[in-house]
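Remarks on the structure that follows.
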Amino acid sequence: MVKVWENLTGVLEGEVVRLEPLAMGHEEGLFEAARDERTWRWLPRGAPGDLDEFRGWMEEALARSEAGLDGAFATVDAQSGRPIGSTRYLALRPEHRGLEIGWTWLTPSRWGTGANVEAKLLMLEHAFERLGCMRVEFKTDRRNERSREALEALPARFEGIFRKHMIVRGDAVRDSAYYSIVDDDWPGVRANLRARLEGLRERREQG
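Quick note on the working numbering: the sequence shown kicks off at 18 and runs consecutively.
Encoded structure:
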């Protein structure tokens, strides 16, 4: 029997974004946020061509969450409530106090705005301080320089390349770069993320 992680998801409030447990009510807004093909370039499946195809992604994410296999969130703008992306807890190992943060995407207009930085802070804070994790891991396509730079800026520790790790987008073979943060790292990571958000806030206020 799969051990379910209690209280895995809930509303996680920030100043820039709010993470809400994924629900069908997010579908239309998320579909609009996902229309830019750049969003899906490095994800395991390609960009949805229409709402019906996007619904397949939604239904799969919701089914996995309802089964206790993942914990999917809609990332929404904290001021307007408009969906701007999604992220998940996955690869859940409650018996070993570990999980992965992945399936993360944001509409390109919100890249570099602090939305991803704050979402990571909220998810890591929940994982380490409420769920009791001792390890949070991340993986990305080894060629995805943007994602790898973002992970290194947390900072997460690079742990190596899993060669021929996944088959994605039909028949493409992917090597995955693995990173992690452990509970010993968390105080420093938290301080860094808070400092980065403060810097972004000051720049917004100045201009």
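Just so it is clear, CB atoms sit at the ideal spot from N, CA and C, and this is done for glycine as well.
Can you grab the Cα-Cα spacing for the pair residue i / residue j, in whole Å?
| i | j | result |
| --- | --- | --- |
| Gly73 | Pro61 | 14 angstroms |
| Ala95 | Trp128 | 15 angstroms |
| Glu154 | Val185 | 20 angstroms |
| Cys150 | Ala108 | 13 angstroms |
| Gly66 | Glu219 | 39 angstroms |
| Leu171 | Val199 | 12 angstroms |
| Val190 | Met140 | 29 angstroms |
| Glu169 | Val134 | 12 angstroms |
| Leu210 | Val34 | 14 angstroms |
| Gly98 | Leu36 | 10 angstroms |
| His182 | Glu222 | 44 angstroms |
| Ser197 | Arg165 | 12 angstroms |
| Gly63 | Arg55 | 10 angstroms |
Round the Cβ separation of residue i and residue j to the nearest angstrom and send it over; I've been treating them as touching at under 8 angstroms.
| i | j | result |
| --- | --- | --- |
| Leu29 | His143 | 6 angstroms |
| Ala40 | Ile101 | Actually they do not touch by this definition, with Cβ atoms about 16 angstroms apart. |
| Arg105 | Asp87 | 5 angstroms |
In the DSSP output, which residue or residues are listed as bridge partners for residue i?
| i | result |
| --- | --- |
| Thr157 | Ala194 |
| Ile101 | Beta-bridge pairing links Ile101 to no other residue. |
| Gly88 | Tyr106 |
| Glu37 | Ala91 |
| Leu116 | Val153 |
| Met183 | Arg191 |
Cα-Cα, which of the options is closest to residue i?
| i | options | result |
| --- | --- | --- |
| Asn24 | Gly119, Ala50, Glu83 and Asp69 | Glu83 |
| Ala212 | Ala50, Arg105, Ala80 and Leu138 | Leu138 |
| Glu146 | Phe71, Gly115 and Arg165 | Gly115 |
| Trp120 | Ala136, Gly131, Ile178 and Val33 | Ala136 |
| Ile178 | Ser193, Glu45 and Ser97 | Ser193 |
| Leu47 | Gly63, Leu68 and Trp59 | Leu68 |
| His113 | Arg152, Met183, Ser164 and Leu123 | Arg152 |
| Ile118 | Arg221, Gln223, Glu222 and Tyr195 | Tyr195 |
| Glu45 | Glu70, Glu32 and Thr56 | Glu70 |
| Gly42 | Arg174, Glu76 and Leu148 | Glu76 |
| Ser126 | Ala173, Asp53, Gly216 and Arg58 | Asp53 |
| Gly27 | Arg180, Ala132, Asp188 and Leu148 | Leu148 |
Using 8 angstroms as the Cβ pair cut-off and three pairs as the minimum, do the region 157 to 171 and the region 87 to 94 touch?
No, they do not touch.
* Indicate whether the contact test is met: 3 or more Cβ pairs, each with one atom in the region 190 to 208 and one in the region 19 to 34, closer than 8 angstroms. => Segments in contact, no.
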